[in-house]
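Only one structure is covered here, and it is reproduced in the block below.
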Amino acid sequence: MCVNIVRSFCALIVATLVTCAPAQAEKRVALVIGNSAYKNTLRLTNPVNDAALIGDMFRKAGFDAVDVKTDLNASEMRRTLRDFAGRVRDADMAVIYYAGHGIELDGSNYLIPTDAMLETDGDVLDETVALDRALFAVEPAKRLRLVILDAEPTSPNTMIAFAAKAGSTASDGDSRNSPFAAALVEHLPKPGLDLRKAFGFVRDDVLKNTGSRQEPYVYGSLGGDDVPLVPAKPVAVAGPQANPQDSVRRDYELALQAGLREAWEAFLQTYPDGFYANLARVQLKKIAAEEERTAATEKARLAEQEKVKLAAERAQKAELEKAAAAAKAAEDARIAAEKQKQIEQAKAEAAERERKVAEAAAARALAEKQVMEKAAADAAAKQVADKQASNAESKKVAALSPPPSSAPGQDLPRSVQVELRRVGCMKAEPYSEWSETAQRSLTLFNKYAGTKFDAKVANADVLDALKGKSGRVCPLVCDHGFRADGDQCSKIVCRAGHRISDDNECEKIPEKKPVATRDEPARRDSDRKKSESSPAASQANSSGQIVCTNAGCRPLRPGCKLGRSPSVAINGGGLTEVCN
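Okay, so the sequence shown: first residue is 11 according to this note's numbering, each after it adds one.
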C-alpha cells in the first residue's frame, strides 16, 4: 500500500461534449476551494491566495456564479460539494478548483480537509473527501466539466491536466501565488483559446518559472471542436451597429405610453440603474403627486358633504365650525397637492426633453465612431497593400540586381563587434575574426538583452538585434578605485586621512599606536649590564686613557689627552684632560 501526500495546485479534469457551442448564452458555475490552515500537518502558504486569484479570474471571465471557500474541514467540504451539485444541474459548464493537500491511496485520490488526522491508512476513508465525490458534483454539466487532482477519466471526450507529473510535488512558489495558478490565470481566460493550447502555454510558463523542476502533465482526449473556457468575442461586422440602449429606450417608451405606476415599477425592476432608470423615477414621482392630489380632492369632497349633512340636520354651531375647519383644511391640502402636481409635471417634462437631447447626442457619437472606425480600417488596409506592393517591388529589384563583387558576410564579424562595443558589452578593439573575446561579449549581450543567439557564430540576425538597441545594454564594470559615471569610469579620490576600502568606498585610515613588547625591557637591562661590566670596550673607542674627577672616572674625549695642571692636584700629579 502506497500513500503519497502531495501539494496540488489545480490539477484539472476537463470533459466536453463534441457538439458545437449553442447560440444562446451558456450558464457557467464555479466552486473554488483553498485549504492552507492545516491543524495536524504542514501548513501551506499559497492555497488561500491562489483560491482568491482563481475565483477572481472566473468572475472576470463572466461566470454566472462563483463560490470561493477557504480552510474547510471535512463536514464543510462535503456540504459545499453537495450544495454546488444542486447548482450544476442546469449549467452548461461547471468547474471545481482545489488548492491544498491531497493524498493517493491504492491508486485512488482524496482531498484532505484542514482537520484530518490521518494517523493510519484506514483513516483516509473516514477523514478525507474522495475525488469521485467532486466528479459526481460536476457530472450534470452539459458541455464542460473541470475538477482537481489525479484520477482516471470515467467518460469519453475527457482531458486530465495535472499541476505536476505523477509522483512529483507541485511547487508552492516564492511569491503570493504558485507558478501553476499564476499561469492558469494568464492563459485560461483568453477569449476563444482552446483548452489544449491554453494548457500548453501553462506548461511552458511553469517550466520556465521553476527552472524545469516542475512540468504540468496532460492526459486524455477531446473531440475536434475547440473548447475555450471563455467564448470568443463576436466579430465586428461592417455597417451601422445597434445601439445597446435601444431595448431600454423601447421599454421606457412603452411604460410612458401606459402611464401606470405598475408599468414604471416593472421597468425599474428590469433596469434599476442608468439614465432611463432616473427618468422612470421622475415619472413615478409625477404619478405619486397625482395620486396625492386625487386623494386630497376626495377628502375635500367628503368633508363638504359632511358639512352639508350637519347643516341639514341643524347640527350645533360647534360641530358646524369643526366641519367647516376640516373642509377648509382639506381644501388647502387639495390646493397644495395641485401645486405639487404642477411642479412634478414640469420636472417630468424637463426630464423628457433631456432624454431626447441625450439620445440624439448618443446617436451622433455612434455615427461619428463608425465613420472613424471605417476610416481607420481603410487606412490600415491601404497601408498593408502599400507595404505588400513595396515588398514585391523590392524582391523584383533584388532579383534583377547583379551579385555583389564580394560576399556581404566577409566583414560581418567586425560589424557585430563594433555594435557590441557600442552597447557596452565589449571592451577590446573589433577585428575581422570572430574571437573568443567576441564570443564572451555576445554571451553578455544575451544575458542582459534576454536573447538566445549562438555565441559561436556572428550572423545578420545578431547584427540586426544589436542595431535595434539605442543605448547601453551591458552594465559598465570599473576596476577597483574607479566608479561608473555615465558611460565612463572615473577615479575615486578620497580626502586626506582616508583610503579606498575593498568595497570601493572611502574609509578613514586607522592610527597606528606603538606597542611595547616583552623583549624591550630585557634588552635594555642586557645593554646596561654590558656597558657596566666592560669598561675596556668603552675605552676601545678612545685613546685608551681615562680621567677622574670628583664626579667619577670617564674616557678622554676624542682629540684630548692627559696633561699636568699646577692648579689641580688630582691623581697625585695634577693630571687633567687637555684638549686642543
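Beta carbons are placed, not taken as given, at the ideal position from N, Cα and C, and that holds for glycine.
Legend entry - C-alpha gap between Asn59 and Gly96, whole angstroms: 27 Å
Inset, instruction - From the DSSP output, in three-state form, read off Gly65 for me. - result: Reduced to three states, the DSSP call for Gly65 is helix.
Legend entry - Buried versus exposed call for Gly183 [16 or more other C-beta atoms within 10 Å across all chains shown]: buried
Inset, instruction - Determine the extent of the beta strand (DSSP E) in which Met436 is found, giving its start and end residues. - result: Segment: none, Met436 is in no beta strand (DSSP E) and carries neither H nor E.
Inset, instruction - Note down, in chain order, each residue of its chain lying with its Cβ closer than 7 Å to the Cβ of Gly44, except the 5 sequence neighbours on either side. - result: Pro57, Val58, Asp60, Ala61, Thr80, Ala109, Gly110
Legend entry - the region 192-199 touching the region 64-72, judged by at least three CB pairs closer than 8 Å: In this structure the region 192-199 lies against the region 64-72, because at least three pairs of beta carbons, one per stretch, are closer than 8 Å.
Legend entry - Spatial distance of Asp464 from Glu36 (CA atoms): Approximately 50 Å, taken between the alpha carbons.
Legend entry - Euclidean distance between Cα positions of Arg374 and Lys384: 15 Å
Inset, instruction - Tell whether a beta-carbon distance below 7 Å holds between Val292 and Ala361. - result: yes
Inset, instruction - Between the Cα of Pro301 and those of Pro568, Gln355, Thr586, spot the shortest distance and give me the residue it belongs to. - result: Residue 301 is actually Glu in this sequence, not Pro. Nearest option by C-alpha distance: Gln355.
Inset, instruction - Look at Leu278 and Ala268 and say whether their C-beta atoms are less than 7 Å apart. - result: no
Inset, instruction - List the DSSP bridge partners of Ile556. - result: Note: Ile556 sits in a beta bridge opposite Pro565.
Inset, instruction - Could you check how far apart the C-beta atoms of Thr461 and Ala470 are, in whole angstroms? I think they sit under 8 Å. - result: Between Ala470 and Thr461 the Cβ distance is about 14 Å, and since that is not below 8 Å, they are no contact.
Inset, instruction - Helix, strand or coil for Glu378, going by three-state DSSP, please let me know. - result: Annotated three-state conformation of Glu378 is helix, per DSSP.
Inset, instruction - Measure the C-alpha to C-alpha separation of Arg153 and Val42 and round it to an integer number of angstroms. - result: For Arg153 and Val42, the distance between alpha carbons rounds to 19 Å.
Inset, instruction - Report back the beta-carbon spacing between Thr124 and Ala47 to the nearest angstrom; my notes put them in contact at under 8 Å. - result: 6 Å
Legend entry - Sub-7 Å separation of Ala299 and Arg344 beta-carbons: Not in contact: Ala299 and Arg344 (Cβ atoms no closer than 7 Å).
Legend entry - For Glu314 and Ala337, believed in contact at Cβ under 8 Å, the rounded distance: 5 Å
Inset, instruction - Can you say whether Cys435 is buried or exposed, counting buried as having 16 or more other CB atoms within 10 angstroms of its CB? - result: buried
Legend entry - Glu446 to Ser480 span [Cα, whole Å]: The alpha-carbon atoms of Glu446 and Ser480 are separated by roughly 25 Å.
Inset, instruction - Please report how far the alpha carbon of Val503 lies from the alpha carbon of Leu63, in whole angstroms. - result: 53 Å
Legend entry - Asn50 to Leu91 span [Cα, whole Å]: 23 Å
Legend entry - Beta-bridge partners of Met103, as assigned by DSSP: Arg38, Leu154
Legend entry - Residue interval of the beta strand (DSSP E) (run including Gln498): 498-501 is the extent of the beta strand (DSSP E) around Gln498.
Legend entry - Within 7 Å, strictly: CB atoms of Ala147 and Tyr120: Cβ distance not < 7 Å, so Ala147 and Tyr120 don't count as in contact.
Legend entry - Ala358 versus Lys296, Ala387, Asp133, residue with shortest Cα-Cα distance: Lys296
Inset, instruction - Give the straight-line distance between the Cα atoms of Ala408 and Ala399, rounded to the nearest whole angstrom. - result: Here the model assigns Ala408 a pLDDT of 47, short of 50, so the residue's position is not dependable and the matter cannot be decided.
Legend entry - Contacting residues, own chain, Cβ-Cβ under 6 Å from Leu54 (five flanking each side not counted): The answer, listed in chain order, is Ser46.
Legend entry - Three-way DSSP call (helix, strand, coil) for Phe209 in this model: helix
Legend entry - Classification of Ala547 by the beta-carbon crowding that lies within 10 angstroms, buried from 16 upward: Because Ala547 carries a pLDDT of 45, less than 50, the predicted location of this residue cannot be relied on, and no value is offered for it.
Legend entry - Paired residues, beta bridge with Leu452 - DSSP: Leu452 pairs with nothing; no bridge assigned.
Inset, instruction - Just the C-alpha distance for Ala328 and Glu308, rounded to the nearest angstrom, thanks. - result: 24 Å
Inset, instruction - Less than 8 Å between the CB atoms is what I'm expecting for Cys589 and Cys570, so what's the real figure, rounded? - result: 4 Å
Inset, instruction - With DSSP collapsed to three states, give me the class of Asp495. - result: strand
Inset, instruction - Provide the residue(s) that pair with Pro238 in DSSP beta bridges, ordered along the chain. - result: Asp204
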